[in-house]
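Numbering (our numbering), first residue to last: 283 to 809.
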């Protein structure tokens, strides 16, 4: 019987792998994967069906959800998505210009940057915030208040271009993100304080608050557009949806009757006169007697519409239109015109004025000087109160009231300007004899400077009074007859004499022009 061959140490028989150290230590026999008893066990059919069924249900659920989201409730989910990422940006539109009669801008809108900060991406330390506030001309505490919020906040509105460029360069240097500019329109008034009371001003949102800006606000207003954009979660614009945007519509331009040059010189001379005589205020109205257009309307003191902070309310009042006063001796030409037009007097009719005073209803009425006998023309030239009162004795109160009413006293001027005063003209039936006398030379009624200027067109237009306008017109205005043409020409000659060498206003003469006018000294109650 032969023995099996002796095996050398460390060698295993062929066909069997050597056991690992761990298998050897545990005494576990190595079983090949192909002969594993687990593979010999048959999988129950229900288990495979369950797995396949679960997978099928999962796909069915996904399919049902897709149908629900994309077909059944697609509008809802689209709306929710748009609410989170689709935004509408306003596209600012330019407010209409206010132009003078030659097309020179009196008010216009210019595009300026407004600084916004996206708080989601903005990060700056205390020193950087302080530097940023300094660049914007703000106090650090004010800037901190503006940055206390969420989303995108407006930090400074309508900064000049140089300020924005400096800030933009600083943010790049300091690597401060989230600061950007949005262009907006800001209102500017090139003529400044010279035309401030005519043009007025707006608020920062471009809404008229005074003057023409308020009177024609509806026509000047622009209609902003809208731009639809898609933003990411950091607020950055990643897509423009042009098909869902609307274009802005600029406002309508308004061309005024004002002549910018006449307006400037009227204001300049008015300011000099007020300062020279130490007056509290002054006003001037320049009318074109052919068309009724207002060429200039100036007041002093005035203000700068772009820098109104700290301006006293009195300086912002358009005194030529809103303030009324007793017109005094400027009423005497109307009394003389009615006296001549009625046939009761002629320009040469003598009127005794000595001894320079007269008593009516117990009240004395005096002249500055004793003139003796004066003609009607000389009464106007010398501005005699006594002579005017004696003419009024022959004029019925009703006729005087009707003439005052026809030239526009006691009526609101129809110029569409805010705050235009009506003045005061009491019914003639309530006049006492002394009131009738004082009204003949300008006491007992009140008018605005614009009303008085319009009334004087009756002498410039040969007896017709015309409506006045602040808008430019190409056609002469149609007048309303008040006096006979010959009467108006006679009174116009009296006004020329009143402004002549022997009248009360010789300094009104201007080289190269024929000047007529009437001086006035009126007492007013103070307090």
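Beta carbons are placed, not taken as given, at the ideal position from N, Cα and C, and that holds for glycine.
Margin query: Using a Cβ distance threshold of 8 Å, determine whether the region 464-481 contacts the region 387-407, with at least three qualifying pairs required.
Written below: yes
| What residues match up with residue 528 in a beta bridge as DSSP calls it? | 508
#### Entry: Extent of the continuous alpha helix (DSSP H) to which residue 604 belongs
Start and end: 601-604.
### Task
Determine the contact status of residue 531 and residue 505, defining contact as a CB-CB distance below 7 Å.
yes
**Report entry** The alpha helix (DSSP H) enclosing residue 554, as first and last residue numbers
**Finding:** Start and end: 542-559.
**Prompt:** Terminal residues of the continuous alpha helix (DSSP H) containing residue 686?
**Reply:** 679-688
* Looking at C-alpha atoms only, which residue of 598, 362 and 779 is the closest neighbour of residue 481? -> Checking every option, the nearest Cα to that of residue 481 belongs to 598.
Of the residues 410, 746, 611 and 416, the one placed nearest residue 729, counting alpha carbons only: 611
task: Consult DSSP for residue 479 and reduce its assignment to one of helix, strand or coil.
output: helix
- Task: Determine contact between the region 616-632 and the region 759-772, defined as no fewer than three beta-carbon pairs at a distance below 8 Å.
- Result: Segments in contact, yes.
C-alpha distance - residue 645 paired with residue 638, whole-angstrom precision:
14 Å
Beta-carbon contacts of residue 701 that lie in its chain and below 7 Å, excluding the five residues immediately before and after
Cβ neighbours of residue 701 beyond the five flanking positions: 600, 603 and 604.
Q.
Only counting the same chain, and skipping five residues up and downstream in sequence, which positions put a Cβ closer than 6 Å to that of residue 655?
A. 632 and 634
Review point. What's the C-alpha gap between residue 608 and residue 724?
Key: Cα-Cα distance, rounded: 6 Å.
Worksheet item: How would you write the range of the alpha helix (DSSP H) that residue 373 sits in, first residue to last?
Response: Counting along the chain, residue 373 falls outside any alpha helix (DSSP H), though it belongs to the beta strand (DSSP E) covering 368-373.
Do you know how far the Cα of residue 521 is from the Cα of residue 593?
C-alpha separation (whole angstroms): 47 Å.
Notebook entry, point to check: With 16 other CB atoms within 10 Å as the buried threshold, where does residue 479 fall?
Noted result: Buried is the call here.
Whose C-beta lies closer than 7 Å to the C-beta of residue 595 among residues of the same chain, with five residues either side of it excluded? none
Is residue 613 helix, strand or coil when you go by DSSP? helix
Residue 368 and residue 512 closer than 7 Å at C-beta:
Cβ atoms of residue 368 and residue 512: closer than 7 Å.
* To do: Alpha carbon to alpha carbon, how far is residue 760 from residue 803? Give it in angstroms, no decimals.
  => 33 Å
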